[in-house]
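Scroll down for the structure; my scribbles are underneath it.
So, in structure tokens, the structure goes:
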């Protein structure tokens with residue numbers, strides 16, 4: 001095989017995940033002379049083991065948890081409800097199987113332009129797959145990422161779970177430790193606890209769900225702590241204790257039947273041959289990449305999606321594939337494409353969300369903040385979901401909205417509203433001019449805007465702008 | 001009493017509802033020499049009989065209805081759940097009692113500047129209350145509205161319910177006809193049906209929930225029809241049939257134990273003495289008012305809130321009180337205050353919402369539309385809420401977003417996002433530049449934006465704007 005002449009192709013995409021498939025859409029605009037090389041299952045992380053199955057588990061868990069509100073609502077019989085874990089997991093897989101059909105069908109659709117195998121760079125414009133050498137004008141690398149599991153923990157065998165294996169379980173044991181309480185850890189720990197399992201959460205850091213703002217964390221932490229044991233601030237140690245795993249961390253020990261490891265994901269760049277490109281790599285083997293182009297050095301080689309570690313989120317991976325695909329075109333402009341306002345959402349309850357940069361990146365001297373406490377928000381009280389805190393940050397001088405972080409009900413929706421405002425560089429006054437219906441959670445956001453407005457020089461008077469009379473006929 | 005000299009006061013506010021209390025806040029900025037005159041209960045329509053208790057009933061009903069999703073989620077025992085109607089209604093009143101505390105406390109807070117009684121205008125700057133004559137520089141009329149019940153139906157006594165009496169019931173009979181399927185009728189009919197009552201809805205018109213767009217109505221109607229009998233397109237007739245009321249309407253007859261009448265609300269302007277102002281009144285006794293000033297004629301007399309029939313919604317009433325209060329100031333500018341983008345939300349399931357003018361007010365020749373079907377929306381499928389249609393309308397030439405109407409899950413949130421966009425005169429491209437997380441319902445909105453973009457000349461290429469490379473350090 002290796003004696004064959006190199007296969008020549010215009011563009012190679014390595015990895016058929018969300019970034020790769022997004023790149024493919026753009027590549028097809030300029031050429032049909034491409035290959036998509038994929039190692040392992042043709043299914044995106046998001047659809048197969050990420051956003052979609054996790055959300056399916058969370059929906060079931062939160063639906064079951066709502067039974068605790070039933071008596072107050074006047075609904076009887078909640079004590080007879082049971083979460084059937086095997087049935088819950090079976091439904092998660094049914095949903096998942098539907099969502100992966102799209103990416104799974106890619107090889108059929110692409111025919112011999114789809115190659116199953118592991119790609120390894122041989123240098124700029126050259127790679128090897130299944131023993132064949134390929135020469136390509138442009139190479140788009142979207143190899144994705146995988147869950148990190150510390151080597152020694154692998155000895156616990158299938159009692160160690162990750163999001164790769166969690167949704168494959170037919171049933172779950174009663175006691176589950178979750179190590180790593182970032183976005184995924186908090187989502188899964190809370191979902192499993194709400195399904196009736198005995199859950200304890202561990203993290204080496206003090207924060208939860210990736211929250212940066214100390215005030216938001218202080219509002220969030222007791223809400224999570226009410227549902228599970230929390231051990232944060234020291235690395236978790238695992239020890240075999242017969243049939244169970246003894247997990248020790250900050251402030252306590254938990255005997256677990258299984259441990260869900262959610263301490264992060266590692267870019268799949270090992271063995272990719274990035275060292276053959278002749279550009280500097282950092283100590284993790286990662287080259288520098290410009291987020292606006294995803295280009296490595298000055299080459300026609302791009303690294304996009306989770307694998308570059310920049311913003312490992314589905315919507316960002318889709319954007320990165322899009323950018324890389326456009327930048328790889330023979331006639332691409334020198335300019336890149338602007339990245340959107342950062343937006344992250346954690347599907348806990350209450351949800352956690354951040355818009356724009358973290359508070360710790362803002363300049364204290366020129367920034368003013370506004371808060372809204374949702375523990376007494378009227379609409380949320382009606383729905384029995386009142387809890388949490390929303391914080392907004394703006395430029396003091398101009399009132400321009402810079403960032404927000406929150407742990408509140410329906411944060412996913414409030415965060416989109418704020419993301420539009422930040423993206424469009426709106427001021428506090430711009431936002432206060434919009435209608436706020438009643439009773440809605442957006443009124444809580446308005447409270448934060450009003451609080452923020454107090455600190456902004458440019459805001460005052462009426463939310464409504466000066467207007468010539470509209471003419472009497474408007475009321476006819 | 002009537003021989004007493006007139007009481008002189010700078011400003012009188014007639015009605016201590018949402019508009020009146022909002023006006024009061026502004027009036028106090030320029031004078032302490034005011035009176036607030038209120039007829040009947042010192043509690044706003046919204047808090048006492050409107051938005052708040054209705055939402056409390058709806059939350060309970062929808063929470064109970066979710067049991068139908070439990071088996072699919074893997075949750076067992078839903079068949080043992082029961083809605084205890086007296087307990088549900090008792091909770092509605094508990095919530096309501098909390099929300100009315102604010103307005104109920106107004107007389108105590110204002111002392112002798114609060115007057116309980118019915119006000120009647122005697123002419124510009126003059127009115128009579130409890131036999132006393134009052135002379136005022138400015139008069140702000142916010143008398144509110146009340147449910148309409150056709151006179152002959154009153155003979156059915158307490159078997160006729162309105163939102164004034166519904167939440168006061170200790171229990172509800174099994175069979176309830178809802179006459180009038182506008183926003184309130186649809187909300188209450190669906191809530192009662194979901195609580196297990198046998199409900200039929202009647203309306204003289206063909207539309208439901210105030211939907212203007214035929215396509216949205218066609219998507220919404222079968223969803224409501226699956227939960228109750230619907231008789232629309234002919235006036236309902238009521239007839240006594242012994243213990244029951246025989247309600248006949250389009251396509252059928254329903255034997256009801258009680259009838260909830262929700263055919264509209266009537267401004268409380270009868271007996272207000274508007275005829276003494278010397279301005280033309282229409283055949284309903286209503287003067288012309290400018291929405292930007294709420295002023296009647298050129299006088300210092302203002303008519304704000306539900307009573308003027310312009311936009312009888314809480315947030316608009318609050319704005320109108322605000323505007324009237326500012327316009328009533330001695331040093332008020334000639335200009336009025338601009339009204340916000342119209343926004344209405346119906347808390348049905350799926351929710352119905354409209355942003356901007358109704359489709360029927362738009363110019364077909366210059367408008368382009370985009371649709372998103374939510375019956376297959378991925379996030380909604382995960383939550384078992386997939387249903388409905390969202391429609392957007394923009395100016396063809398510029399892509400400027402003009403209006404939206406929808407019946408989709410979480411419409412209240414999508415509508416706020418769209419209201420901000422319409423208020424800020426954004427284009428389709430402006431909106432497509434924002435981040436859309438995954439998986440979220442906002443992605444359904446994005447589908448509609450993309451559909452819309454096809455018809456807009458000015459949109460194409462990438463959602464992301466052209467950007468100079470951001471510099472390699474961004475990834476460090």
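Protein chains in written order, with UniProt numbering: chain A, 1 to 476; chain B, 1 to 476. Ideal Cβ positions, reconstructed from N, Cα and C, are used throughout, including at glycine.
Would you verify that the beta carbon of residue 30(B) is, or is not, closer than 8 Å to some beta carbon of chain A? Along the second chain, read from residue 1 onward, the residue named residue 30(B) stands at position 30. No, because no Cβ of chain A sits closer than 8 Å to the Cβ of residue 30(B).
Shortest alpha-carbon distance to residue 144(B) belongs to which of 32(B), 48(B), 169(B) and 437(B)? Here residue 144(B) is taken as the residue at index 144 of the second chain, counted from 1. Relative to the Cα of residue 144(B), the nearest Cα in the group 32(B), 48(B), 169(B) and 437(B) belongs to 48(B).
Return the CA-CA distance between residue 84(A) and residue 67(B), expressed in angstroms with no decimal places. For the purposes of this step, residue 84(A) is taken as the residue at position 84 of the first chain. For the purposes of this step, residue 67(B) is taken as the residue at position 67 of the second chain. Distance between the alpha carbons of residue 84(A) and residue 67(B): 15 Å.
Would you decide whether residue 236(B) is buried or exposed? Buried here means 16 or more other CB atoms lie within 10 Å of its CB. Here the question's residue 236(B) lines up with position 236 in the second chain. So residue 236(B) counts as buried.
Measure from the alpha carbon of residue 63(B) to the alpha carbon of each residue in 195(A), 50(A), 383(A) and 149(A), then state which is nearest. Along the second chain, one-based indexing puts residue 63(B) at 63. Sorting 195(A), 50(A), 383(A) and 149(A) by C-alpha distance to the C-alpha of residue 63(B) places 383(A) at the top.
How far does the alpha helix (DSSP H) with residue 323(A) in it reach, from first residue to last? The count along the first chain starts at 1 and reaches residue 323(A) at position 323. Residue 323(A) -> alpha helix (DSSP H) spans 314–327.
Using only the alpha-carbon positions, how far apart do residue 306(B) and residue 36(B) sit? Numbered from 1 along the second chain, position 306 holds the residue referred to as residue 306(B). Numbered from 1 along the second chain, position 36 holds the residue referred to as residue 36(B). Residue 306(B) and residue 36(B): Cα-Cα distance of roughly 17 Å.
Since residue 194(A) contacts residue 257(A) with CB under 8 Å, what's their CB separation in whole angstroms? Counting from 1 along the first chain, the entry for residue 194(A) is found at position 194. Counting from 1 along the first chain, the entry for residue 257(A) is found at position 257. Residue 257(A) and residue 194(A) do not touch by the CB rule: their CB atoms are close to 18 Å apart, not below 8 Å.
Give the single residue among 429(B), 427(B), 386(B) and 467(B) whose Cα lies nearest to the Cα of residue 69(B). To locate residue 69(B), count along the second chain from 1; it is residue 69. When each option's Cα is compared against that of residue 69(B), the closest is 386(B).
Ignore the nearest five residues each way along the sequence and tell me which others in residue 293(B)'s own chain have a CB closer than 6 Å to its CB. If you number the second chain from 1, residue 293(B) lands on position 293. Here the set comprises 327 and 336.
Strictly below 8 Å CB to CB, what residues from chain B border residue 319(A)? For this step, residue 319(A) is matched to residue 319 along the first chain. Going along chain B in sequence order, the residues near residue 319(A) (Cβ under 8 Å) are 464.
Inspect the beta-carbon positions of residue 265(B) and residue 148(B) and report whether they are closer than 8 Å. As a first step, residue 265(B) is located in the second chain; it is residue number 265 there, counting from the start. As a first step, residue 148(B) is located in the second chain; it is residue number 148 there, counting from the start. Contact flag set, yes.
Residue-level contact to chain C via CB, residue 413(B), 8 Å cutoff: Of the protein chains in the structure, A and B, none is chain C.
Three-state secondary structure (DSSP) at residue 421(A)? Locating residue 421(A) in the first chain gives position 421, where the first residue counts as 1. The three-state reading of DSSP puts residue 421(A) in helix, counting H, G and I together.
Length at least 3, wholly inside the segment 203–281 of chain A: the beta strand (DSSP E) runs in chain order: Taking 3 residues as the minimum length, the beta strand (DSSP E) runs contained wholly in the segment 203–281 of chain A are 229–232, 237–241, 244–249, 252–256, 258–261 and 265–267, in order along the chain.
Which word fits residue 409(B), buried or exposed, when buried means at least 16 other C-beta atoms lie within 10 angstroms of its C-beta? Residue numbering aside, residue 409(B) sits at position 409 when the second chain is read from its first letter. By the neighbour-count rule (16 or more Cβ atoms within 10 Å), residue 409(B) is buried.
Alpha helix (DSSP H) runs contained entirely in the segment 380–468 of chain A, provided each spans 4 or more residues: List check, alpha helix (DSSP H) in window: 411–423, 428–432 and 442–453.
Which of helix, strand or coil DSSP assigns to residue 21(B): Translated into the one-based positions of the second chain, residue 21(B) becomes position 21. The three-state reading of DSSP puts residue 21(B) in helix, counting H, G and I together.
Spell out a yes or no on whether the segment 94–114 of chain B and the segment 442–452 of chain A are touching, meaning 3 or more CB-CB pairs, one atom from each, closer than 8 Å. Counting Cβ pairs under 8 Å, fewer than three are found: no touch.
Is the separation between the beta-carbon of residue 390(A) and that of residue 372(A) shorter than 8 Å? In the first chain, counting from the first residue as 1, residue 390(A) sits at position 390. In the first chain, counting from the first residue as 1, residue 372(A) sits at position 372. With contacts defined as CB atoms closer than 8 Å, residue 390(A) and residue 372(A) qualify as a contacting pair.
Under 7 Å Cβ-Cβ, which residues of chain A neighbour residue 11(B)? Here residue 11(B) corresponds to residue number 11 of the second chain, with the count starting at 1. Simply none; closest approach about 18 Å.
Let me know the secondary structure DSSP gives residue 9(A) once reduced to three states. What you label residue 9(A) is simply residue 9 of the first chain in a count that begins at 1. Strand, per DSSP.
Between the segment 340–347 of chain A and the segment 418–438 of chain A, are three or more C-beta pairs nearer than 8 Å? When Cβ pairs closer than 8 Å are counted between the two stretches, the segment 340–347 of chain A is seen to touch the segment 418–438 of chain A, the count reaching three or more.
Per the DSSP calculation, residue 344(A) is bridged to which residue(s)? Counted from its first residue, the first chain places residue 344(A) at position 344. Answer is 354(A), bridged to residue 344(A).
Residue 337(B): contacting residues in chain A (beta-carbon distance under 8 Å): In the second chain, the residue the question calls residue 337(B) occupies position 337. For residue 337(B), the chain A residues whose Cβ falls inside 8 Å of its Cβ are 462, 464, 465, 466 and 467, in order along the chain.
Helix, strand or coil at residue 117(B) according to DSSP, with G and I counted as helix: Taking the second chain and counting its residues from 1, one reaches residue 117(B) at position 117. Correct three-state label for residue 117(B): coil.
Would residue 461(B) be called buried (16 or more neighbouring beta carbons within 10 Å of its own) or exposed? Taking the second chain and counting its residues from 1, one reaches residue 461(B) at position 461. Answer is exposed; the Cβ neighbour count stays below 16.
Of the choices 162(A), 200(A) and 224(A), whose alpha-carbon is the least far from that of residue 252(A)? Your numbering for residue 252(A) matches position 252 in the first chain. Of the listed residues, the one whose Cα sits closest to residue 252(A) is 200(A).
Distance, Cα to Cα, residue 61(A) vs residue 186(B)? In the first chain, the residue the question calls residue 61(A) occupies position 61. In the second chain, the residue the question calls residue 186(B) occupies position 186. About 30 Å.
Kindly indicate if chain A contains any beta-carbon less than 8 Å away from that of residue 88(B). Within the second chain, residue 88(B) is the residue found at index 88, counting from 1. At least one C-beta of chain A is nearer than 8 Å to the C-beta of residue 88(B).
Quick check on the DSSP output: what are the complete alpha helix (DSSP H) runs of length 4 or more inside the segment 129–198 of chain A, in order along the chain? Counting only runs of 4+ residues, the alpha helix (DSSP H) found wholly inside the segment 129–198 of chain A occupies 163–166 and 183–194, in chain order.
The beta strand (DSSP E) enclosing residue 372(A), as first and last residue numbers: Reading the first chain from its first residue, position 372 is the one you call residue 372(A). Unbroken beta strand (DSSP E) run through residue 372(A): 367–373.
On the three-state DSSP scale, how would you describe residue 304(B)? For the purposes of this step, residue 304(B) is identified with residue 304 of the second chain, where counting begins at 1. Of the three classes helix, strand and coil, the one that applies to residue 304(B) here is coil, per DSSP.
Using a Cβ-Cβ cut-off of 8 Å (strictly less than) and excluding sequence neighbours within five positions of residue 169(B), which residues of its own chain qualify? One-based indexing of the second chain puts residue 169(B) at position 169. Cβ neighbours of residue 169(B) beyond the five flanking positions: 89 and 161.
Tell me whether residue 297(B) sits in a helix, a strand or coil according to DSSP, three-state version. As a working note, residue 297(B) is residue 297 in the second chain. In the structure shown, residue 297(B) adopts coil according to DSSP, grouped into three states.
Cβ distance (whole Å) where residue 401(B) is taken to contact residue 428(B) below 8 Å: For the purposes of this step, residue 401(B) is identified with residue 401 of the second chain, where counting begins at 1. For the purposes of this step, residue 428(B) is identified with residue 428 of the second chain, where counting begins at 1. Between residue 401(B) and residue 428(B) a beta carbon distance of about 6 Å is seen, short of the 8 Å cut, so the two are scored as contacting.
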